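As structure tokens, the structure follows; a few thoughts come after it.
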Amino acid sequence: MTTLELFIITSLAIGMLFFLVITLKIHAFISLMITSISVGIFTGMPLMSIIKSVQEGMGNVLGFIAIVVGIGSIFGEILQVSGGAEALSRTMLKKFGEERSSWAMMTTGFVIAIPVFLDVGFIILVPMAYALSRKTNRSVLYYAIPLLAGLAVTHAFIPPTPGPIAVAEIIDAQLGWVILFGFIVGIPTAIIAGPYFAKYIAKKIHIDPPDITEEQKMLGESKNENLPSFAWVIFLIALPLGLILASTFAELSINNGWVADNKLLEIVLFLGHPFIALLIATLVAMYFLGIKRGYTKKQLMKVSNNALGPAGLIILVTGAGGVFKQVLVDSGVGAALAETISDQNIPVIVLAYILAVIVRLTQGSATVAMITAAGMVAPVVDVLGTGDIGKALVVLAIAAGATIFSHVNDSGFWLVGKYLNMTEKQTLQSWSIMETIISLVGFVLILIISFFI
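For what it's worth, this note's numbering labels the leading residue of the sequence shown as 23, then goes sequentially.
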């Protein structure tokens, strides 16, 4: 088939995906599978070769994703149920002081979203925003927007959150580089979309906190007495990140000939593999935040089971994204797309961002947008031979694009609006604009970095 015909088939496949998800309301997992098989059929692949591509695509991705997301979800759940998130927020507020409490909320959200899902982190920490609003008579948005910005930036840019983990695996990017540049891009982005935007929007929209009952007050006071230590929470969150980064730099040192390969470096590489790093952090968390604080083995088993429910959904959707990528590669669509991009001199980072934006705006889910865009861009990245750092920046560009303008087709839009008691218009003016700021600022920073690397 000609390049033009393959390109048309790809465009039709994307249209089919949107139709299945948006119009027919078919789950993203099923929709991605149908779309992938359809691409194989219409590009003339032998039918049994399509089956083989489906198996390879699913297996290649899930061999990594299932383990990392599964262990990471348990790790995050332990931090959540043990009160680690609340301990972090209370200590941050104390250290920053009342005048800089919006910065404390942003920092808390940024750190806690590394192991904890965005929606869970928001539900746990939003009472802190209510309490500060009651104390200062400021709009809840003055504190909630920085919290949401911190959560959303980390959720999009910094593994081991599921989105960037999935994209990194599909594109074959090293997690260490994604983490490093995720911090470099994420911190200034969170500051602009958080405290600075909150200061502006809180003057435009005044949202009062919900009334507090006597029972809630007593419950809050009792929770204060038995929270984990701040130092332990920070250590546990930093532990897997530090191990992964150490492994990345060890590999870089070996590849560049700075040091000779030896047993010590082999151990560093082993401990820094995401499987091992997250497993170590989870076991340490289970002991020090669980068993040492009175949790029984049965309770810890229940915590683990609760964590794996939402993880299973993410794993399956990511696997379907891997299938989509594999079919694009095996059918020749990926090579045709790469040739078109090369002829038009479109930077891969720009293409990745635009594709993620389109999917995000049309179907709503940031995770599905990331996975779909990654499946389309991965063959292009393979053909054009982007280096390790380049791949990490492509991952972040996809994450930035998939964050833009959350609106009525995104569950996060309704969650935030409900908890902050806002109308749809107010949610669009605050949450949706904050997400767009994260997307645009993040993408500009990624582009700037790409010019120098």
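Note that CB positions come from ideal geometry on N, CA and C, so glycine has one too.
Note that the structure is a prediction, hence the values are computed from the model and not measured.
Leu-300: first and last residue of the uninterrupted alpha helix (DSSP H) it sits in: For Leu-300, the enclosing alpha helix (DSSP H) stretches over residues 296-307.
Exposed unless 16 or more other CB atoms sit within 10 angstroms - verdict on Trp-254: The residue in question, Trp-254, is buried, as its Cβ has 16 or more Cβ neighbours within 10 Å.
Where Tyr-165 falls, given that 16 or more other Cβ within 10 Å makes a residue buried: Counting of Cβ neighbours within 10 angstroms places Tyr-165 among the buried residues, the total reaching 16 or more.
Contact check, Val-61 vs Ser-53, beta carbons under 8 Å: Contact flag unset, no.
Sequence-distant residues of its chain with Cβ nearer than 7 Å to Val-133 (five each side left out): So the qualifying residues of the chain are Leu-110, Ile-259.
Cut-off 6 Å between Cβ atoms - residues of its own chain near Asp-141, not counting five sequence neighbours on either side: Counting only residues of its own chain and dropping the five nearest sequence neighbours on each side, Asp-141 has a CB closer than 6 Å to the CB of Leu-437.
Inter-residue spacing [alpha-carbon to alpha-carbon] between Ile-470 and Ala-414: In a straight line, the C-alpha of Ile-470 is about 14 Å away from that of Ala-414.
Supposed contact pair Phe-219 and Leu-173 - C-beta distance, whole angstroms, cut 8 Å: Going by Cβ atoms, the distance from Leu-173 to Phe-219 rounds to 14 Å, so no, they are not a contact pair.
Stretch-stretch touch, CB-based, cutoff 8 Å, three pairs: the segment 144-162 with the segment 273-287: Judged by Cβ distances under 8 Å, the segment 144-162 makes no contact with the segment 273-287, as fewer than three pairs qualify.
Integer Cβ distance of Thr-340 from Ile-393, believed to fall under 8 Å: Correct: roughly 6 Å between the Cβ atoms.
Beta-carbon gap between Tyr-152 and Pro-217 smaller than 8 Å: The Cβ atoms of Tyr-152 and Pro-217 do not sit closer than 8 Å to each other.
Pick from Val-370, Leu-263, Val-416, Leu-383 that is closest to Asp-432, judged by C-alpha positions: For Asp-432, the nearest C-alpha among the options comes from Leu-383.
Pairwise C-alpha distance: Ile-73 and Glu-446: So the alpha carbons of these two residues sit roughly 44 Å apart.
Three-state secondary structure (DSSP) of Ala-360: DSSP places Ala-360 in the helix class (H, G or I) of the three-state scheme.
Selected residue, minimal CA-CA separation from Gln-102, among Gln-77, Ser-326, Pro-296: Closest option to Gln-102, Cα to Cα, is Ser-326.
Opening and closing residue of the alpha helix (DSSP H) in which Met-80 lies: Following the DSSP letters along the chain, one finds Met-80 inside the alpha helix (DSSP H) bounded by residues 69-103.
Unbroken stretches of the alpha helix (DSSP H), 4 residues or longer, contained in the segment 107-169: At a cut-off of 4 residues, the continuous stretches assigned as alpha helix (DSSP H) that sit fully inside the segment 107-169 are 123-134, 140-158.
7 Å Cβ shell around Ile-459 - same chain, five flanking residues per side excluded: Taking C-beta separations shorter than 7 Å and ignoring five residues to either side along the sequence, the partners of Ile-459 in its chain run Ile-214, Ala-215, Phe-219, following chain order.
Leu-467 to Val-207 span [Cα, whole Å]: Distance between the alpha carbons of Leu-467 and Val-207: 6 Å.
Cβ neighbour criterion (16 or more within 10 Å) applied to Thr-318: Per the 10 Å Cβ criterion, exposed.
Option nearest Asn-248 by Cα separation, candidates Val-416, Arg-112, Phe-51: For Asn-248, the closest alpha carbon among the candidates Val-416, Arg-112, Phe-51 is that of Arg-112.
Every unbroken beta strand (DSSP E) inside the segment 402-475 [3 residues or more]: Counting only runs of 3 or more, we get nothing.
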